[in-house]
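One structure below.
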Amino acid sequence: MNITKLLAGLQAQHDETAARAGELSHQIAQLTAALTETEARLADLATARKVIAELAPAAGSESEPPETNTAYQAIVNAFNQHPDQQFRTRELYELLDLPTNEVSVNVTRARLGRLLRQSFLTQPGRGRC
Numbered sequence: 010m011n012i013t014k015l016l017a018g019l020q021a022q023h024d025e026t027a028a029r030a031g032e033l034s035h036q037i038a039q040l041t042a043a044l045t046e047t048e049a050r051l052a053d054l055a056t057a058r059k060v061i062a063e064l065a066p067a068a069g070s071e072s073e074p075p076e077t078n079t080a081y082q083a084i085v086n087a088f089n090q091h092p093d094q095q096f097r098t099r100e101l102y103e104l105l106d107l108p109t110n111e112v113s114v115n116v117t118r119a120r121l122g123r124l125l126r127q128s129f130l131t132q133p134g135r136g137r138c
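Residue numbers for the sequence shown follow our numbering, so the first one is 10 and each next one is one higher.
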């Protein structure tokens, strides 16, 4: 066998393999981008599911006792039971029969803010919901 032909054959195989490696690298980059987008979408869906689960009762949960409801659901239920009434945070806490320590009330204020931003509640005036 001629060494020149052997070297030419090796060069051809090298070129083919290098081209294939380039194609695979391109595919890996595309798949990595698709994976990143899909993982971000999964995180968004998990967050949406968590928020909805906190705000809406699960199917068939009407028979469950009220203490199993989330804090968000308890707040929304209070407003649904008293549609024409406006509440201050402390009044809402008393209605829900919860302790009115400052930390708990501030957490509820934050929850009310989230419910307002998500349009589950409306705010008729400053400090009232």
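Glycine included, each C-beta is placed from N, C-alpha and C at the ideal position. Being a predicted model, the structure only gives us computed values, none of them experimental.
| Query | Result |
| --- | --- |
| Cβ contact (3+ pairs, closer than 8 Å) linking the stretch 78–87 and the stretch 38–45 | no |
| Backbone CA spacing between T98 and R58 [nearest angstrom] | 27 Å |
| Beta carbon of R118 nearer than 8 Å to that of I84 | no |
| DSSP state of D93 mapped onto helix, strand, coil | coil |
| Buried or exposed (CB count within 10 angstroms, at least 16 for buried), L19 | exposed |
| Backbone CA spacing between A52 and Q127 [nearest angstrom] | 19 Å |
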